[in-house]
Each structure stands twice: as structure tokens, then as C-alpha cells.
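Those letters in the sequence shown? Residues 59 to 133, by the numbering used here.
A short write-up of the structure that comes next.
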Amino acid sequence: MPTAVLTDRERTAVQAYLRLLHTVRAAFDAPAAADRPALVPPAVLAEADQALARAGLTGNEEAFFDLLGNWCPEP
């Protein structure tokens, strides 16, 4: 399988998305607490949005997920 060579901005977007994904997974894995809202911190969402915009991937999910799949394929 060919390896994608990402630009720095594309790599940053993929890394921000993966941090967002891990944050969401951790929120769902954590025991529910009445005093903890089930939300992703706004800073995590903002980081991912900004990284996608800088990489020119806003609104282009197909290209982004192609990059993601090539950069870190499932085992």
C-alpha cells in the first residue's frame, strides 16, 4: 500500500482529529457522573476545526479521511 506524504498542516489536522477522537472515546468510557457534562471540551473542538481549516480540508471530508486512512491504517 502506498504511503501518503502529508504536509505539516495535513499532519497537524490528522493529529488534532485523533486527539478529538481519543477525547470522545475517553468521555464515553468514563463512568457517568452527575456533576460532569458529557461534552468534549470546546478547546479540543476548536483545535480540530482550526487545524482542518489551515490544511484546507474544511468541508472536504472525503480528502481528509483519505489522508487519515493512509496515514494510520487500521491493523
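Every residue gets a Cβ at the ideal spot worked out from N, C-alpha and C, and that includes glycine.
Since this is a predicted model, take the numbers as computed values, not measurements.
- Whole alpha helix (DSSP H) runs in the segment 93-124 with 4 or more residues, listed along the chain? Runs found: 100-112.
- Query: Going by C-alpha distance, which of A111, E120, N118 and A84 is nearest D66?
  - Reply: Along the sequence shown, read from residue 1 onward, the residue named residue 66 stands at position 8. For the residues A111, E120, N118 and A84, the minimum Cα distance to D66 belongs to A111.
- Message: On a Cα-Cα basis, can you pick out the residue from L78, A101 and D107 that is closest to T116?
- Response: Here the question's residue 116 lines up with position 58 in the sequence shown. Checking every option, the nearest Cα to that of T116 belongs to D107.
- Query: In this structure, does DSSP put L64 in helix, strand or coil?
  - Reply: Residue mapping note: residue 64 aligns to position 6 of the sequence shown, counting from 1. Residue state, collapsed to three classes: coil.
- Compute the Euclidean distance between the alpha carbons of N118 and L125, then round it to the nearest angstrom. Taking the first residue of the sequence shown as 1, we reach residue 118 at position 60. Taking the first residue of the sequence shown as 1, we reach residue 125 at position 67. So the two alpha carbons sit approximately 11 Å from each other.
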